[in-house]
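Report on one structure; see the data block that follows.
There are 4 protein chains.
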Amino acid sequence: MIIVLKTNATPEQINHICDKVKELGLTPQVSKGVERTIIGVIGEEDKLRVKPLSTFPGVDSVVQIQRPFKLASREFKPEPTIFDMGNGVKVGGKKIVVMAGPCSVENLDMLVRIAKRVKAAGATFLRGGAFKPRTSPYSFQGLGEEGLKYLREAADQTGLLVVTEVMDPRQVELVSRYTDMLQIGARNMQNFDLLKEVGATKKPTLLKRGLSSTIKELLLSAEYLLSKGNFKVMLCERGIRTFETATRNTIDINAVPVVKNETHLPVLIDPSHGTGKWAYVGSIAKAAVAAGADGLMMEVHDNPEEAKSDGDQSLLPERFDQLMKELKPIAQAVGREI
Amino acid sequence: MIIVLKTNATPEQINHICDKVKELGLTPQVSKGVERTIIGVIGEEDKLRVKPLSTFPGVDSVVQIQRPFKLASREFKPEPTIFDMGNGVKVGGKKIVVMAGPCSVENLDMLVRIAKRVKAAGATFLRGGAFKPRTSPYSFQGLGEEGLKYLREAADQTGLLVVTEVMDPRQVELVSRYTDMLQIGARNMQNFDLLKEVGATKKPTLLKRGLSSTIKELLLSAEYLLSKGNFKVMLCERGIRTFETATRNTIDINAVPVVKNETHLPVLIDPSHGTGKWAYVGSIAKAAVAAGADGLMMEVHDNPEEAKSDGDQSLLPERFDQLMKELKPIAQAVGREI
Amino acid sequence: MIIVLKTNATPEQINHICDKVKELGLTPQVSKGVERTIIGVIGEEDKLRVKPLSTFPGVDSVVQIQRPFKLASREFKPEPTIFDMGNGVKVGGKKIVVMAGPCSVENLDMLVRIAKRVKAAGATFLRGGAFKPRTSPYSFQGLGEEGLKYLREAADQTGLLVVTEVMDPRQVELVSRYTDMLQIGARNMQNFDLLKEVGATKKPTLLKRGLSSTIKELLLSAEYLLSKGNFKVMLCERGIRTFETATRNTIDINAVPVVKNETHLPVLIDPSHGTGKWAYVGSIAKAAVAAGADGLMMEVHDNPEEAKSDGDQSLLPERFDQLMKELKPIAQAVGREI
Amino acid sequence: MIIVLKTNATPEQINHICDKVKELGLTPQVSKGVERTIIGVIGEEDKLRVKPLSTFPGVDSVVQIQRPFKLASREFKPEPTIFDMGNGVKVGGKKIVVMAGPCSVENLDMLVRIAKRVKAAGATFLRGGAFKPRTSPYSFQGLGEEGLKYLREAADQTGLLVVTEVMDPRQVELVSRYTDMLQIGARNMQNFDLLKEVGATKKPTLLKRGLSSTIKELLLSAEYLLSKGNFKVMLCERGIRTFETATRNTIDINAVPVVKNETHLPVLIDPSHGTGKWAYVGSIAKAAVAAGADGLMMEVHDNPEEAKSDGDQSLLPERFDQLMKELKPIAQAVGREI
């Protein structure tokens with residue numbers, strides 16, 4: 001940590017700060033420049049973070065040097081995390097995992113029908129919401145446990161794995177019973193009680209980036225999971241909120257190389273939420289694979305006109321099929337499989 | 001709702017859409033323009049919202065006309081909401097409510113000491129966090145129920161009301177027991193299970209705007225509370241996330257007149273979180289009162305150097321005292337009291 | 001255009017608006033809904049845009065239906081624009097154009113050296129700034145005309161085309177003399193006098209998207225060029241400004257399919273400015289090609305430690321060479337060449 | 001400047017960096033921490049800014065300590081800048097300056113009519129655009145020199161000063177002839193050639209903040225003016241671009257205390273562009289005065305239904321009149337006059 005002093009900081013103020021630093025078992029290193037003095041702090045930066053240093057008299061600003069996340073960092077674990085889902089599917093490995101299915105679980109029939117189509121096209125996970133976070137209280141809120149049962153049933157019939165969202169710490173046990181991977185949605189990325197509860201299950205978890213969360217904050221939320229002993233965590237970029245309104249969100253494709261650089265955790269892209277329009281999904285799915293993503297999550301529906309949610313961004317099964325074929329040579333070009 | 005068609009939409013496509021509209025008991029009104037045709041839909045717009053209309057062949061875009069929130073709207077209730085806190089304090093009335101106190105509850109002594117100071121200066125609510133949403137799992141997470149007890153005790157000793165955050169639907173009952181007003185934090189504005197649980201208590205609630213939430217979304221989250229029969233809701237603008245890094249967040253002062261125009265609910269400004277620096281709090285508090293806010297929430301700490309969180313943005317009691325004096329003539333200038 | 005009225009709009013107010021609409025030679029179509037009335041306007045929407053309709057008594061809001069850009073739209077020209085640069089290079093065709101070179105022109109030697117390397121690797125344009133837009137007046141401002149001469153010389157020696165920025169309407173004639181394609185930088189995307197001057201030259205032009213400009217605004221700025229009779233326009237996505245600070249800007253990869261859908265003009269991605277770090281350039285260049293971009297612009301420098309600007313985001317020639325090889329199979333996978 | 005090294009930086013890499021630092025006449029100070037080493041650089045930071053330090057092997061990141069602007073800083077000039085406009089009007093003094101008038105100059109009659117009204121209500125400057133920056137090439141572009149003549153005429157008849165925008169470096173001389181204060185619009189805040197040309201005139205200048213410019217960048221653009229010897233510069237906050245669409249822009253009210261803290265230059269707020277709706281202008285004007293702004297710029301039109309631009313955000317003269325009365329006690333409450 002670097003403490004930058006005001007140009008007019010007095011020796012008393014500097015001593016006062018150094019005393020506090022020493023009190024915490026850290027070493028201050030004062031460096032007098034031409035225009036101003038700075039104090040470098042040597043030792044465990046976390047000890048100082050609890051102190052609001054910028055309130056000390058004479059301080060202009062404080063600069064963090066160390067990354068605030070630890071277990072999620074490349075420095076803690078240099079090699080990429082690969083985890084096994086049990087049935088031979090590996091997350092983070094050479095093969096890019098594909099999660100596909102409807103936005104919401106609507107009934108068993110449609111789910112089985114779509115599951116068969118996405119399985120045939122090469123998906124390994126069935127996605128679908130049983131508990132739905134909806135902006136309006138008047139929108140369809142999901143089928144609840146019934147939806148979970150349908151997901152399990154459709155996945156078992158087709159040999160897919162289930163990934164589904166859990167929104168409430170009270171439902172973690174229930175959802176865990178039916179799913180192979182727990183999903184934490186964008187709106188809950190900083191729902192810290194939920195993170196703690198999910199971390200404690202040690203189940204594979206897909207953590208979605210919040211609409212206005214930085215990558216650093218995403219990694220800090222991952223740290224909540226990892227610090228509970230759960231290292232089977234996959235991150236998801238699903239678009240951030242910007243001023244642009246031509247698309248539902250703005251996919252931050254830069255997140256792929258940044259995440260690869262900062263953490264060992266695998267990263268997946270969700271082009272359906274990231275664009276909000278099915279016509280743009282293919283282009284972004286290709287970009288994600290080329291950029292180095294470890295997975296894709298896409299909404300597929302065979303009757304979008306009647307979909308209970310997000311019909312606008314759902315691919316028809318035949319378009320999903322075609323896209324999966326088009327993704328293969330791109331995956332190959334970057335040394336991957338799909 | 002207006003359905004704008006593509007320039008090359010066919011009569012069959014137009015009929016197909018009109019049929020769907022009629023199926024739902026609504027009336028389509030086709031209007032052929034020079035360049036393109038549009039379909040106006042007459043009736044309850046909500047019925048159509050469940051349909052992903054833009055997936056219909058021939059559709060270019062869909063425009064909502066009606067506001068998606070109802071109970072929160074000025075059209076539902078034209079006169080401003082004023083609610084009584086029991087001890088004579090009214091929220092939304094002529095007198096601007098002031099909530100002050102430390103960011104986190106640290107111990108009883110400090111809390112009582114600060115409570116006395118803010119009460120003397122004119123505050124009516126004691127604020128303080130017992131459960132703290134922290135970006136990092138390694139930061140101080142709050143004292144929990146012990147903190148709630150201290151809040152109640154300090155408030156009772158000084159004749160203040162308590163406002164404190166609840167983060168987890170499982171804690172709603174517990175927190176309700178100790179507090180006069182429940183606070184839903186910015187990170188939980190779209191934690192819909194929490195909103196439902198809090199709405200059901202019918203307790204006065206302070207709903208903070210999410211870091212990247214639009215005002216429309218804030219009102220939809222309020223709608224979750226109102227639709228549970230809880231109309232004692234105060235909204236809080238606490239800064240949004242933008243590209244500017246000179247301040248912790250960007251206070252959206254425009255939110256004051258917009259909220260006043262769109263809803264009957266009272267609105268409060270939090271200049272402490274909105275700026276992140278105590279030196280800017282006074283200027284923004286004055287702006288908030290001048291703009292027409294119904295309340296202010298400010299962090300006050302008598303030893304910011306040792307504060308467990310947010311020391312940088314906490315006012316010293318003597319500065320808070322001075323600020324309260326400076327706010328009086330501004331409140332008066334806009335026909336209010338403080 | 002749709003005029004949405006307030007729920008309490010009077011018949012007099014409605015008549016007043018309809019009269020204005022008719023005065024302009026347009027046809028109002030009144031549609032009374034259950035909750036409110038709307039007026040559809042039939043005819044050339046532009047005529048109404050000059051009127052601030054929302055100031056009329058009784059108006060709640062106004063919704064535009066037609067796109068404000070015309071010549072740039074797909075409706076005006078459905079087939080993609082391909083233009084010839086004279087020496088066999090086509091912009092917008094099957095072959096993806098690659099523009100590479102240093103951020104700033106520093107001297108002739110370095111420029112020739114780098115030009116040879118990028119030409120050998122497959123680039124068709126030499127990029128380099130002679131006039132530099134710099135945030136600080138104390139930063140290197142470019143070599144001016146001398147830099148233009150070096151660009152021409154290095155390009156002619158190597159058989160490359162020159163693309164370089166023009167910042168000032170007074171320099172358009174000068175810069176045109178030395179360059180094959182004029183570049184309008186992000187900061188000047190809405191410098192309308194510059195756009196008019198550049199449009200009048202009819203020279204091929206690369207128009208960069210502003211840091212906080214929507215795609216619609218980018219197309220309106222393109223419209224300034226097209227309306228002067230210059231259709232040789234290529235658009236450039238170079239990253240937008242968001243709250244994320246891990247990268248210099250956020251590449252809006254969604255812009256590729258959106259631009260392809262809205263306009264016939266070709267689109268290029270600049271991963272150097274879009275990320276600000278050379279280590280991320282390769283990943284984003286691959287994403288751009290996979291997403292369907294028609295071109296790439298990348299900064300290459302053989303001694304980034306001594307670069308006068310943007311060394312952080314410049315690739316070494318050997319890395320550029322390697323990247324060009326890696327891009328080939330991706331281009332092929334999407335039916336293109338590079 | 002602080003150079004943060006990677007955890008695995010080698011002694012050779014450290015020496016290489018130190019050598020470069022010394023070459024520039026600066027002093028490196030190496031500080032070895034528990035986890036990583038940092039190098040503090042003592043001396044004129046500008047010398048190092050030309051080097052892309054993060055490209056040096058072993059470097060993790062680089063942190064600037066000194067502010068990049070100098071002449072605009074409080075450290076260079078601690079006391080606030082107040083400048084005289086010649087006719088007794090002082091900018092930056094106790095009296096808040098008010099600039100009012102139509103968005104565009106439309107004809108002499110309307111301008112004189114409006115000028116008389118705003119003068120009577122207490123404005124000191126007449127605003128109005130003769131050269132208009134318009135997003136679309138098909139919108140009204142202003143009357144040009146004719147408009148300038150009308151401005152001068154209307155101002156002279158009423159005893160007001162003229163402030164008007166200059167968009168093109170070629171028009172600086174022309175516009176200067178007719179105006180008392182030159183305005184640089186938001187879209188041109190980083191039009192560096194225009195800044196240089198305007199700085200050279202030494203005329204009082206109003207510099208508007210760009211839609212997506214940080215306050216630091218605004219001050220760097222001001223530095224372009226100041227470094228030409230022109231210190232009569234007033235800054236203008238007119239709203240930034242965010243995700244919120246309820247208002248045209250988001251007024252960054254935080255900018256007032258931040259600018260006051262960072263620079264000696266006076267700052268003005270433009271609530272008309274900052275909100276885009278006349279109904280919100282009064283609330284924001286009051287907030288601006290309470291926050292400590294040195295000026296207000298507001299659009300006034302006596303027939304907004306027929307305004308050629310921005311009618312939606314223009315106040316009627318009677319509303320402006322009323323607002324000026326309401327602002328007086330607020331100005332007084334913060335020790336100012338209006």
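Chains as they are written, first to last, in the UniProt record's numbering: chain A, 1 to 338; chain B, 1 to 338; chain C, 1 to 338; chain D, 1 to 338.
The C-beta atom is built at its ideal place from N, Cα and C for all residues, glycine as well.
Because the structure is a prediction, the values reported are computed rather than measured.
- prompt: Quick one: is A/Y280 near chain C, going by C-beta distance under 8 Å?
  reply: yes
query: Going by DSSP, which residues form a beta bridge with D/C236?
result: D/K208, D/L268
field: Local Cβ density within 10 Å of D/I240, reported as buried at 16 or more and exposed below that
entry: buried
query: Name the DSSP beta bridge partners of B/L161, please?
result: B/F125
query: Grouping DSSP H, G and I as helix and E and B as strand, with all else coil, what is A/M189?
result: coil
- request: Run down chain A in chain order and give the residues with a C-beta less than 9 Å from the C-beta of C/T7.
  value: Here the premise fails: no neighbours, minimum Cβ distance about 19 Å.
- prompt: Given that B/E35 touches chain C, what residues does it touch there, using C-beta distances under 7 Å?
  reply: Q66
message: I believe B/H301 touches B/S314 by the beta-carbon criterion, under 8 Å. Please report the beta-carbon distance rounded to the nearest angstrom.
response: 4 Å
query: What separation, rounded to the nearest whole angstrom, lies between the Cα atoms of D/S100 and C/E223?
result: Here the sequence assigns Ala to residue 100 of chain D, which means Ser is not the residue at that position. Going by the C-alpha atoms only, they are around 32 Å apart.
- request: Flag C/T250 as yes if its beta-carbon sits less than 8 Å from any beta-carbon of chain A, otherwise no.
  value: yes
- prompt: Cβ of A/K228 less than 8 Å from any chain G Cβ?
  reply: This model lacks chain G altogether, as its protein chains are A, B, C and D.
message: Alpha carbons only, please: which of D/V41, D/T10, D/N8 is nearest the one belonging to D/E23?
response: D/V41
query: Considering A/F286, what are the terminal residues of the alpha helix (DSSP H) in which it resides?
result: First, the residue type needs correcting, since residue 286 of chain A is Lys and not Phe in the sequence shown. Unbroken alpha helix (DSSP H) run through A/K286: 278–291.
- prompt: Going straight from the alpha carbon of C/E299 to that of C/R117, what length do you get?
  reply: 12 Å
message: How far does the beta strand (DSSP E) with C/A255 in it extend, from its first residue to its last?
response: Careful: C/A255 lies outside any beta strand (DSSP E), inside the alpha helix (DSSP H) at 255–262.
field: A/G274 in three-state terms, based on DSSP
entry: helix
- request: Name, please, each residue of chain A whose Cβ falls closer than 7 Å to the Cβ of B/G25.
  value: The contacting residues do not exist; B/G25 stays about 17 Å from chain A at best.
is_contact[C/P28, chain A] using C-beta, thresh 8 Å: no
Nonlocal neighbours in the same chain, by C-beta distance under 7 Å from A/V89, ignoring five residues either side: V97, T124, L161
Residues of the stretch 302–327 of chain D with Cβ closer than 9 Å to any Cβ of chain C, in chain order: P304, E305, E306, A307, K308, S309, D310, G311, D312, Q313, S314
message: Here's the rule: buried if 16 or more other CB atoms are within 10 angstroms of the residue's CB, otherwise exposed. What is D/Q66?
response: buried
query: Mind checking whether D/A200 and D/V256 have CB atoms under 8 Å apart?
result: no
- prompt: Taking the C-alpha atoms as reference points, what is the distance between A/Y138 and C/T250?
  reply: 34 Å
Contact list for D/V289 against chain B, beta-carbon separation under 8 Å: A290
- prompt: Listed from N- to C-terminal order along the chain, which residues in the stretch 192–218 of chain D have their beta-carbon within a distance smaller than 7 Å of any beta-carbon of chain C?
  reply: F192, D193, L211, S212, E217
field: C/K216 versus C/G274, C/N261, C/G276, C/F231, residue with shortest Cα-Cα distance
entry: C/N261
task: Just the C-alpha distance for C/G43 and C/E244, rounded to the nearest angstrom, thanks.
output: 43 Å
query: Using the beta-carbon count (16 or more within 10 Å), is C/G159 buried or exposed?
result: exposed
- request: Return the first residue and the last residue of the beta strand (DSSP E) that B/A222 is part of.
  value: Where B/A222 is concerned, there is no enclosing beta strand (DSSP E), although the alpha helix (DSSP H) it sits in stretches over 215–226.
- request: Keeping to the same chain, check which residues put their C-beta closer than 8 Å to that of B/A115; ignore five residues upstream and five downstream.
  value: G101, L126, A154, A155, Q157, T158, L160
Where D/I184 falls: helix, strand or coil (DSSP): strand
- prompt: In chain order, what residues of the same chain lie with their CB nearer than 8 Å to the CB of B/A120, ignoring the 5 residues before and after it?
  reply: D321
B/E146 versus B/E318 - alpha carbon distance: 28 Å
- prompt: Is D/S272 closer than 8 Å to D/V281 when the C-beta atoms are compared?
  reply: yes
field: Between the CA atoms of B/G295 and B/A331 - distance to the nearest angstrom
entry: 11 Å
task: Pull up the distance between the alpha-carbon of C/G33 and that of C/P11, whole angstroms please.
output: 14 Å
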